[in-house]
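Written out below as structure tokens is the structure these notes cover.
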Amino acid sequence: MITWLLLVSLFCKSTQDGNRQNNGNEISTTAGVYPRNRVFKVGSRVTFRCVLSAGQIFDKMYLTGYNDPDMKTEMISNQTYALTVHLNKPSNSTCTDVKCHIQHVDTTKYGTCAHIGYPPGDVDLKCETRDLESVECRWTARDTHLARKLTTYQLVGRSCVDGSKGRCSQKVQVDVGERNWTLTVQNELGKVELSDRADLTKRVHMFAPEGVTASTVNARSVSLKWVWTVQQYNNINITCQINVSHDGTNTMSKYFGVGLNFAVLTDLIPNWLYNVTVRCGTTQNFWNWGDWSTSVNFHTRGDVPDALDVWMQRKDGQIIITWKMLLANQSHGDITDYVVTWANTTETEQQNRRKVAHNKHHLSLSLDTTKEYTVTVTASNKIGRSSPSTMIVPRFSPDTSRVKTSLITGSSGGFSLSWSASPVASCGYIVDWCPTSGHCSVEWLKVPPNETNASVFSKNLKDGVRYSLSIYACTQGAPVLLERREGYVRQERMQNRLFDPLEWKQQESNVEVSWIPIPQTSRTAFIQGYILYWSDNNDNNNNGNVSTDLGNPEATSLTARNLKISSYTFTVKAQTAVGECGDTSLILTLDSLTDDLIKTLLISLVTVFSLLSLITVICYRHWACIKQTVYPPVPKPLLTEWLTSPGEHSCHPLPVDQCYYSEADIMDIPELHCKSGAPVNGYVSHKNIPFVFAQTPNGYYNQPLKKFTPEPLILPTTTIPSQSSSFRCVFPNLSYSLIMQTLDQQSKSAPDPLEGTDIERNWNGYQPQSHTIFSLNQTNEDSESPMSCVSTYILFPQSPST
Amino acid sequence: MADRRTRGMTGSDLSRTTAARATAIAEQLRYECSILLELYRTKESFTAEVTVADGRLVSVPPPSSQLDTRDKLWRLHSALLQCRSLLERAIAKEEEELGGGMKGEYEAQRRMVKERLSLLLINTGELLKAVDGTVVLTPDLEGLELDGPTILFELKLWVYRIFKEVDYWTKTAITTLQGLPTVIAKERAGTTRRARSTRSARR
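Protein sequence lines correspond, in order, to chains A and B. Residues 1 to 802 (full-length UniProt numbering) make up the first sequence, in order. Residues 1 to 203 (full-length UniProt numbering) make up the second sequence, in order.
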């Protein structure tokens, strides 16, 4: 009996062993794919079997995601097929399908899901407590690629809910003292145990405070309070960190206490919105900051505005008191208005007061420039009025020449200044700035006493604008001006045609180009000098330039020398630190020297012609007067009575023997004998017989002689050559003025007819019209010569023989 | 008379509105089901040749042209209720047996389909109430295979089959709901006439 039982058991065991050799933990007689729901390690080699039902024909068998061409399906029997696979890839979606298809069947009939993954590999276990009643451990989990349920996690021997996240917590008794905290991770492929030895009382990771509220809110302080849900916290020394944030800025502050559940925040800004969060940790054996609480917002109450920053500016004889608009964190509420008061420093009881609207930040005052004033400004909001800001306005002193002004160049959009310390700057320094020309709305900044440098930045600073900066010493009285600077934040190139209009002047082969000085308002950079370029428009190789000395911005001309006669383009540029700019061009053609000469000649000719024309016109218009003056007409002889009455005549016939005549020329009428002498007014007788005549400007006139009574005329006895042109003493021609004198009288007195003295005539009736009496010199040799006369004036009838 | 007519017209309008809304929800659900099926096929590497067995998972009376609107609505509502139960069970089993790892697009789409199906059920319930006037009873889920297979591969096929069941009944809901508005109006008018004639007969 016993033997029989042993044989049966042996038979049964061998049958089971045979079945196990089929890689199955079940009897694989039912159609399907085997093994089912098994876990395999990545890298293992596994044989899957597909068991078909009777009548079914095998089609194919494969693993999802495996395309190994070496995989071959092996037929074990008519209804059993095997596929051996090297599982070199972990499952993507927790298990890998193994499918078996049957011919002539559309649906996927048979399959299994193989879990291909890794044994546990978790590391770095760290345990702590949060509530002093449980242990909470964290570790670095390793992805096994297996379904979550296939890997178990146990902490201190108890299962974790979801250890795959690398975190597990268990209720334990937390006592003082170290102990081992053990985590066991296990799956079908392996097992790992992690330990962390720690005293959890020294590893308290606090929860976030609950119910944080701002219990008391003031203008500049607030009380916060919260509660602890973990009772044990009330018994431990706690350090809490409070994060106060506002307007994008964060401030951290710490508070300490046993079971700390409140804090007072100070130095807050009135009328301001804040946000706070709180976290805490143990003071002793600090392990970690706890979780942050939820954030709490609160708004501080309002307060009076902060004191104003006040400055002044002198403009057009007035003082402009200016103050900076308070920022939101300074006004502590909406500003309603400003109040400005001012009084003479010596007469403080006579205070003036004016209210300024909230949207204005300056006030112009007309103050006596000979006095010093104290000005105060306050700002008001609905809470009250700010502390007064005081400014001492000094007496006006126009003499600022002692203050040195230097040039400055900006950088990075502003100015960096430094200056020498001043002993009078008891309360620091003030730097103000304004455009040098144009509208000025002064800006300023204040520097503490122990600093002598400042950086001036403002969104109002513009490139290319010249600014004047002043440095003042802040004193107990009025500010004292120390230094001045002028400069550009950033110099800019000046626009073209800066020098319009250009003037030019050619001097032989030189050309001087000149311009009017550039006003400051047109300058966007420091002008260091000027440069003149020229280029020959007909010859590219003929060009050049000339420049002023650097440091001569006041120059107004440049000269190009030794230029050929051609057409040139002249360009003037300003030299600045940002390069040459302000190009202004001029195209002109030079005049040749010959041209100059011709031009000069033409001008001269034109001038002379004009002068002559003028003279001609004048002469034409006044010809009569001129003629009368220069060339008076000879008056016609006027025959008077004495010509018809010889007895009355002073001119007596000459005795024959005293007359120069030839026998042929003896006439009945006695003749006047003339001899040629010096030409008188161009009139010369052939015989050089002088005679005299007198003439008035209007011609001749007959004027009875008054004074002179000549001697009876004695005619010379010499004969007179018989020439047609010879004169004879012929009385009928006595209409001409003749001075008839005796020889004696001629030698005794020679009245100067030129002097125009009255000369008595022997003849009554005809007298010369002019006072001018001309006479011819007679020598002593000729003293006995007969009377002279001009032949042209005396016409004598010619004797037939001549 | 006027009040009755007003009430009747308001109810009809409300029914039309509810039907239209339900139709829109069903169309949206159909679109989301198609995305869910595609995501599942991609996740499980199901090719187009992978098909599941025919036959419905839900248990409802067979379709018939003899069914009136109320019956049609009741049949539809019951099927959708069972679909939701199956879907919830499929999600739970999948999480339990195959869960783990990061949640991605597939899990999000699966949740969206479940929520959309719930919204559709609310609307079909309102329609049923409007037509029938009775409280909608929770359909009996007895006989529904909610356990699911233990073999993981079969479990996957089962989940896929449930997704396709939801897809099928969503399309049926669209067809049914689109045919509803005029039918409701006619039936409402018929109900009103029957009520009037009954009252006048009583007088």
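Beta carbons: idealized from backbone N, C-alpha and C, even for Gly. Remember, predicted model here, so these are calculated numbers, not experimental data.
* **Where Asp-337(A) sits in the DSSP three-state scheme** => The three-state secondary structure of Asp-337(A), taken from DSSP, is strand.
* **Contact set between Ile-151(B) and chain A, taken where Cβ atoms lie within less than 9 Å** => By Cβ distance, chain A contributes Gly-32, Arg-36, Asn-37, Gly-111, Thr-112 and Cys-113.
* Asked: Are the C-beta atoms of Glu-38(B) and some chain A residue less than 8 Å apart?
  -> Answer no: the Cβ-Cβ gap between Glu-38(B) and chain A never drops below 8 Å.
* To do: Closer than 6 Å by C-beta to Gln-16(A): which residues in its own chain qualify, once you throw out the five before and the five after it? Chain order, please.
  => Because the pLDDT at Gln-16(A) is just 44, under 50, the model does not fix this residue reliably, and the point stays unresolved.
* Asked: To which residues does DSSP link Cys-434(A) through a beta bridge?
  -> Ser-468(A), per the DSSP bridge assignment.
* Can you tell me which of the three DSSP states Val-680(A) falls into? => For Val-680(A), the predicted structure reports a pLDDT of 41, less than 50, and the residue's modelled location is therefore unreliable. The matter cannot be settled from this model.
* Asked: Are the CB atoms of Glu-210(A) and Thr-229(A) nearer to each other than 8 Å?
  -> Yes, Cβ-Cβ distance for Glu-210(A) and Thr-229(A) is below 8 Å.
* Asked: What residue range is occupied by the uninterrupted alpha helix (DSSP H) comprising Glu-349(A)?
  -> Note, Glu-349(A): premise wrong, no alpha helix (DSSP H); not H, not E.
* Interface partners of Ser-45(B) on chain A, CB under 8 Å -> In chain order: Thr-64, Gly-65 and Asp-97.
* Presumed contact (8 Å Cβ cut-off) between Lys-202(A) and Asn-285(A), rounded CB distance -> About 4 Å separates the two Cβ atoms, so the contact holds.
* Asked: Using a Cβ-Cβ distance under 8 Å, would Glu-107(B) count as near chain A?
  -> Chain A contact via Cβ: absent.
* Inter-residue Cα distance where the pair is Leu-602(A) and Leu-611(A) -> Taking the straight line joining both Cα atoms gives about 14 Å.
* Name the two residues that bound the continuous beta strand (DSSP E) containing Met-61(A). => Note, Met-61(A): beta strand (DSSP E), 58-63.
* List, in order along the chain, the chain A residues whose C-beta lies closer than 8 Å to that of Glu-96(B)? -> Those within 8 Å of Glu-96(B) in chain A are Lys-149.
* Interface flag, Thr-277(A) vs chain B, CB-CB below 8 Å -> Thr-277(A) does not count as touching chain B.
* Asked: Thr-29(A) touches chain B at which residues, Cβ-Cβ below 8 Å?
  -> Those do not exist, as Thr-29(A) stays about 16 Å from chain B at its closest Cβ, beyond 8 Å.
* Proximal residues of chain B, C-beta to C-beta of Gly-47(A) below 9 Å -> Looking at the sequence itself, residue 47(A) is Thr, so the reference to Gly does not match. The premise fails here: Thr-47(A) is roughly 17 Å from chain B at the closest Cβ pair, so nothing lies under 9 Å.
* With C-beta atoms as the reference, is residue 823(A) less than 8 Å away from Leu-469(A)? -> No answer is possible for residue 823(A): it lies beyond the span of chain A, which begins at 1 and ends at 802.
* Asked: Do the CB positions of Val-135(A) and Leu-200(A) come within less than 8 Å of each other?
  -> Taking 8 Å as the Cβ cut-off, Val-135(A) and Leu-200(A) qualify as a contacting pair.
* Segments assigned beta strand (DSSP E), at least 3 residues, entirely inside the UniProt domain "Fibronectin type-III" (497-597) of chain A -> Fully contained in the UniProt domain "Fibronectin type-III" (497-597) of chain A are the following beta strand (DSSP E) runs of length 3 or more, in chain order: 503-507, 510-514, 527-536, 539-547, 557-560, 567-576 and 579-589.
* Residues bridged to Arg-45(A) by DSSP? -> His-86(A).
* **Check whether Val-51(A) and Ala-82(A) have beta carbons under 8 Å apart** => No, the Cβ-Cβ distance between Val-51(A) and Ala-82(A) is not below 8 Å.
* To do: Kindly give me the distance between the Cβ atoms of Val-227(A) and Ala-214(A), rounded to whole angstroms, as I take these residues to be in contact under 8 Å.
  => Taking 8 Å as the upper bound for CB-CB distance, Val-227(A) and Ala-214(A) are not in contact here, some 14 Å apart.
* Can at least three beta-carbon pairs, one atom from the stretch 77-97 of chain B and one from the stretch 53-67 of chain B, be found at a separation below 8 Å? -> As far as the Cβ criterion goes, the stretch 77-97 of chain B touches the stretch 53-67 of chain B, which means the pair count is three or higher.
* Whole-angstrom distance between Val-489(A) and Ser-557(A), CA atom to CA atom -> Straight-line Cα distance between these residues: approximately 29 Å.
* **Under the three-state DSSP convention, the category Lys-202(A) falls into** => Helix, per DSSP.
* To do: If I'm right that Val-340(A) touches Ile-321(A) with Cβ under 8 Å, what's the distance once you round it to whole angstroms?
  => The beta carbons of Val-340(A) and Ile-321(A) sit about 6 Å from each other, so the pair counts as a contact at 8 Å.
* What residue range is occupied by the uninterrupted alpha helix (DSSP H) comprising Met-112(B)? -> Counting along the chain, the alpha helix (DSSP H) containing Met-112(B) begins and ends at 105-132.
* Given that a residue counts as buried once 16 or more other Cβ atoms are within 10 Å of its Cβ, and exposed if not, what is Ala-421(A)? -> Ala-421(A) should be labelled exposed.
* At which residues does the beta strand (DSSP E) containing Arg-179(A) begin and terminate? -> Going by DSSP, Arg-179(A) is part of the beta strand (DSSP E) stretching over 179-187.
* To do: Answer yes if the stretch 514-528 of chain A comes into contact with the stretch 444-461 of chain A, meaning at least three C-beta pairs across the two stretches below 8 Å, and no otherwise.
  => No: the two stretches stay apart, fewer than three of their Cβ pairs being nearer than 8 Å.
* Where does Arg-279(A) sit, in a helix, a strand or coil, going by DSSP? -> Three-state DSSP puts Arg-279(A) in a strand.
* When the Cα of Arg-161(B) is compared with those of Ser-64(B), Phe-46(B) and Arg-75(B), which residue comes out closest? -> Ranked by Cα distance from Arg-161(B), the options Ser-64(B), Phe-46(B) and Arg-75(B) are led by Phe-46(B).
* Asked: What whole-angstrom Cβ distance do Lys-99(A) and Tyr-62(A) have, given they're in contact under 8 Å?
  -> So it is a contact: roughly 6 Å between Cβ atoms.
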